[in-house]
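Numbering-wise (the working numbering), the sequence shown opens with residue 110 and increments by one.
We treat Cβ as the ideally placed atom computed from N, Cα and C, and that holds for glycine.
Read through the structure below, which is laid out as structure tokens, and then see the notes.
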Amino acid sequence: MKNKKNIILAVVVCVVLFAAGIGIGLGIPSIKKGIDKKEVTEENVLNYIDIGDYKSLDVSIGVTKEDIEMEIDDLREQNTIYEQLDGTVEDGDMVYADITGYVDGKRADDACTMDYVTVGSGDWLDGFEEALIGTKTGSTAEFTLSIPKGTFGDKLIDGNDLLYKVRIEYICGDPIVPEYNNDFVQSISDYNTVDEYNNYLKNKLLKENEADKAEFAWTELLSVCKVKEYPESMMESARDEVLQGYYDMAELYGCSKDEVFQSFGYGSEDEFRESDLEELAKDTVKERLAAQGMAKLENITYAQEEYEAVVADEYSYNKDNYNSKEEYEDKNKETLENIALMNSVKTWLAQNIKFSE
Numbered sequence: 110m111k112n113k114k115n116i117i118l119a120v121v122v123c124v125v126l127f128a129a130g131i132g133i134g135l136g137i138p139s140i141k142k143g144i145d146k147k148e149v150t151e152e153n154v155l156n157y158i159d160i161g162d163y164k165s166l167d168v169s170i171g172v173t174k175e176d177i178e179m180e181i182d183d184l185r186e187q188n189t190i191y192e193q194l195d196g197t198v199e200d201g202d203m204v205y206a207d208i209t210g211y212v213d214g215k216r217a218d219d220a221c222t223m224d225y226v227t228v229g230s231g232d233w234l235d236g237f238e239e240a241l242i243g244t245k246t247g248s249t250a251e252f253t254l255s256i257p258k259g260t261f262g263d264k265l266i267d268g269n270d271l272l273y274k275v276r277i278e279y280i281c282g283d284p285i286v287p288e289y290n291n292d293f294v295q296s297i298s299d300y301n302t303v304d305e306y307n308n309y310l311k312n313k314l315l316k317e318n319e320a321d322k323a324e325f326a327w328t329e330l331l332s333v334c335k336v337k338e339y340p341e342s343m344m345e346s347a348r349d350e351v352l353q354g355y356y357d358m359a360e361l362y363g364c365s366k367d368e369v370f371q372s373f374g375y376g377s378e379d380e381f382r383e384s385d386l387e388e389l390a391k392d393t394v395k396e397r398l399a400a401q402g403m404a405k406l407e408n409i410t411y412a413q414e415e416y417e418a419v420v421a422d423e424y425s426y427n428k429d430n431y432n433s434k435e436e437y438e439d440k441n442k443e444t445l446e447n448i449a450l451m452n453s454v455k456t457w458l459a460q461n462i463k464f465s466e
């Protein structure tokens, strides 16, 4: 069973980040949609941003004690169990349930799972949690929900009526969090002691950090960059892109715009516009200017095959919304160019600045 709010949250974040790509192509173009040629060009981009002393950056990819403790806390949370109570499900209860879904009498595997459900949380599809109220432990609630398009990403389920059979295994009582000791380590791994497992965690995190060092470097670069002026034309474009990410999700998941914004804790789109839109737009413009500035200073470009790889990769995630890859590229060319150049800037940083553990 997929959680609608979590799906919307995860995908909107991806779309907003996609829309926040840096606005340049093979090098820095003299003009881009929404940007005045006289305002931001290859020649004057550094009038708008101070890149800072990027050559002296020393980016730490080391693993701290706190990093390991966070991994341990996650492991303990993942292995937390609950006191198993009998009774009748009430609003506010968390239950452990065996969930099975059927479309036209056929089992729909994507709608089947064993999972925890907190009744009244609003985390599941509208009507799902409410349908469990009054069900006794060991009994099965049967009900039908109309599934909005885009919910599961399964054409056999989305847009159809789904018959749910939900067996309540137990009502959750107090959590039972495992102690982090040798017995726990042995129960989840092939290691025998806490020290051995800690060493494994450290090495695992080091490998992950090494693989992500370009992202670490990009974050550090942004921390030393200072925007001198936010060009209004770029800000206008950035505002539109941030909002469009949310609008796209509303269309994709067959819900209203306000439902998408509410999934992020905003009362409405207007509230989002008043509270956070401007800062998100500034973040987007800062990234664009930083990438343009780096491209200018270090003559960073990308090859055509690198751009084509970006197109193919991004299209694979969006092909359901377009008739062809050519149509997708034509409508999103600027953003695709942005992503390709951002990748090249990150690669340059990973190869040219100092990293330490």
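Contact the region 191-202 vs the region 267-285: 3+ CB pairs below 8 Å: yes
Leu166 beta carbon less than 9 Å from that of Leu330: On the sequence shown, residue 330 is found 221 positions in, with the first residue counted as 1. On the sequence shown, residue 166 is found 57 positions in, with the first residue counted as 1. Yes, the pair counts as a contact, with Cβ atoms nearer than the cut-off.
Helix, strand or coil at Asp283 according to DSSP, with G and I counted as helix: As a first step, residue 283 must be located in the sequence shown, where it is residue number 174. In the structure shown, Asp283 sits in a strand (DSSP, three-state: E or B).
Run of the beta strand (DSSP E) containing Phe464, from where it starts to where it stops: Counting from 1 along the sequence shown, the entry for residue 464 is found at position 355. Run containing Phe464: 463-465, per the beta strand (DSSP E) assignment.
Beta-carbon proximity list for Glu466, same chain, < 8 Å, skipping 5 on both sides: Translated into the one-based positions of the sequence shown, residue 466 becomes position 357. Excluding sequence neighbours, Glu466 sits near Ser169, Ile170, Gly171, Val172, Leu315.
CB of Ile160 within 9 Å of CB of Leu406, strictly: Translated into the one-based positions of the sequence shown, residue 160 becomes position 51. Translated into the one-based positions of the sequence shown, residue 406 becomes position 297. Their beta carbons are under 9 Å apart, which means Ile160 touches Leu406 by this criterion.
Rounded Cβ spacing between Val275 and Leu241 (contact assumed at less than 8 Å): To locate residue 275, count along the sequence shown from 1; it is residue 166. To locate residue 241, count along the sequence shown from 1; it is residue 132. With a Cβ gap of about 6 Å, Val275 and Leu241 count as contacting.
The beta strand (DSSP E) enclosing Asp207, as first and last residue numbers: Counting from one through the sequence shown, the residue named residue 207 turns up at place 98. Note, Asp207: beta strand (DSSP E), 203-212.
Cα-Cα separation, Ala326 to Gln460: Position 217 of the sequence shown, counted from the start, is the residue given in the question as residue 326. Position 351 of the sequence shown, counted from the start, is the residue given in the question as residue 460. Rounded to whole angstroms, Ala326 to Gln460 spans 10 Å at the Cα level.
Which listed residue (Tyr416, Met203, Leu271) has its alpha carbon closest to that of Gly214: Working through the sequence shown from its first residue, we reach residue 214 at position 105. Measuring from the Cα of Gly214, the nearest candidate turns out to be Leu271.
Limits of the beta strand (DSSP E) - the one that Glu192 falls within: The residue labelled residue 192 in the question sits at position 83 within the sequence shown. Per DSSP, Glu192 belongs to the beta strand (DSSP E) from 190-194.
Among Asp207, Gly259, Pro284, Tyr289, nearest to Ala250 - alpha-carbon criterion: Residue mapping note: residue 250 aligns to position 141 of the sequence shown, counting from 1. That would be Asp207, whose Cα lies nearest to the Cα of Ala250.
Strand pairing of Ala250, partner residues [DSSP]: Within the sequence shown, the letter at position 141 stands for residue 250. Answer by DSSP bridge pairing, in chain order: Val275.
Own chain residues within Cβ distance below 6 Å of Phe252, not counting five before or after: Along the sequence shown, one-based indexing puts residue 252 at 143. Answer for Phe252: Ala240, Tyr273, listed in chain order.
CB of Val420 within 9 Å of CB of Lys434, strictly: On the sequence shown, residue 420 is found 311 positions in, with the first residue counted as 1. On the sequence shown, residue 434 is found 325 positions in, with the first residue counted as 1. Yes.
DSSP-derived helix/strand/coil call for Thr302: Along the sequence shown, one-based indexing puts residue 302 at 193. Three-state DSSP puts Thr302 in coil, outside helix and strand.
Extent of the continuous alpha helix (DSSP H) to which Ser365 belongs: In the sequence shown, residue 365 corresponds to position 256, counting from 1. Neither: Ser365 is in no alpha helix (DSSP H) and is coded neither H nor E.
Sequence-distant residues of the same chain with beta carbon closer than 6 Å to Glu192, five excluded per side: As a position in the sequence shown, residue 192 is number 83, starting the count at 1. If we look at Glu192 and ignore the five residues flanking it on each side, its Cβ neighbours are Gly282, Asp283.
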